[in-house]
Amino acid sequence: MKSFLQDLMIAKKKETRGPSKKEEESPAEEVSNESKRARPNDDNQSPGQPNEKIPLLPGYINVDIDKETPMVAITTEELDFTWEELEMLQDACVLSGVGPRAGKRLVNVFKLMKIIWYRRDQTPDVDTPFELRMKEACVLILALYASSSKSLRLGMCKVLAKVEQTRSMPGCDNLKVFIEQTLKERGTGQAKNNLLTMIHDGKCSRILEKVVWGEDEEKWNLTRKDLRLLRSFSFVGEYSEPVDGNGIHHPSSTDTRN
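Counting in full-length UniProt numbering, the sequence shown runs from 1 upward without gaps.
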C-alpha cells in the first residue's frame, strides 16, 4: 500500500511535459474530409426539389434532415489529490495497518467523496477549518474500516451504527468522546479493545479531538452527514451492523476476514 501511494506522490512531483508537435492528420480525419467534399451542396439540387422532409407517424412534427442540432459543450473539471491529501492517506494507512488491496479501495472511495464534497459545498474551492478537520477524520475512519484487524473493523461498525440512531445532539462535544462513549455503551470499552487503544494513540487522538461541534447543531449535522456518507459505501457496508426501524442494531455476519 505504501508503494502504491508513493507512486501517486512521485507522479504528483513530476513536471508536466510541454505541448508536442502537431500531429499529422489521421486517416480517420482524411476519410471524414473526403466525405464532406463528396457531399452534394444545395446548389446542385434539381430545381423545384426543395429539401425533403421525412414523414413521421401521425402526431409527430416532420424533421428537416439537413438541419443540424447545435452541440452544447459540457464543462468538465478534473479533481486531483493535493499533496496534503496524499500524505493524509499514507499516514492513515500506516497507522491503521491497511493492506495493499484494501488501500486501493480506500483511495477510490476517497476520490468519490471528493466529488460529492465538491458538488455539495457552496464554495468548493475554499475549505473552512472545520471542513479540513472533518476531511482528515474521514480518511482516518476509512482506514480503520479497511484495517487488517477484525476488532478494529467491528468496533467502527458499532460507532457508525450509533450515528444512524442518533437524531439529536449527542451528550458530548467532539468525535473522540463520541467514539469512546459508543464503545462503552456497546460493551466494548475494555482496555484490551483494539479500537479504544487506537483512538488513544497520540496521532489518532489529535485527529478525532479536532472535530468539535460543541453546542453548534449545524456542525454536528455536518459531522453526522459525512459519517453516514462513509457508511453508505459497500466498502464500509460489508462490515456494518444493520439498524431496523426500532433503532435496534444487529451484528453482521458477512465479515469473513481474519
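For each residue, glycine too, the CB sits at the ideal point set by N, CA and C.
If you draw a straight line from the Cα of S96 to the Cα of A73, it is about 44 Å long. The beta carbons of T128 and K158 sit about 29 Å from each other, so the pair does not count as a contact at 8 Å. Cβ contact annotation for V139 (same chain, cutoff 7 Å, sequence separation greater than five): M88, L89, A92 and F110, in chain order. When DSSP reads this structure, N221 sits in no beta bridge, so it has no partner. When DSSP states are grouped into helix, strand and coil, S147 belongs to the strand group. Between the stretch 144 to 151 and the stretch 114 to 124, the count of C-beta pairs closer than 8 Å stays below three; the two stretches do not touch. When Cβ pairs closer than 8 Å are counted between the two stretches, the stretch 192 to 211 is seen to touch the stretch 129 to 137, the count reaching three or more.
Annotated three-state conformation of V159 is helix, per DSSP. Counted as a single uninterrupted DSSP element, the alpha helix (DSSP H) harbouring F110 occupies residues P100 to R120. Taking a 10 Å sphere around the C-beta of R133, we find 16 or more other C-beta atoms and assign the residue as buried. If you draw a 10 Å sphere on the C-beta of I116, you find fewer than 16 other C-beta atoms in it, and that means exposed. About 6 Å separates the beta carbon of M169 from that of E217, a gap short enough to meet the 8 Å contact definition. By a beta-carbon distance limit of 8 Å, W213 contacts T223. Their separation comes to about 6 Å. Distance between H200 and S151, taken at the CA atoms: about 16 Å. Sorting T76, W83 and C172 by C-alpha distance to the C-alpha of K13 places W83 at the top.
Restricting attention to I10, A11 and N221, the CA atom closest to the CA of E131 is found in N221. Going by beta carbons, L154 and R231 fall outside the 8 Å limit.
Secondary structure note for F178: its alpha helix (DSSP H) is the uninterrupted segment L175 to E185.
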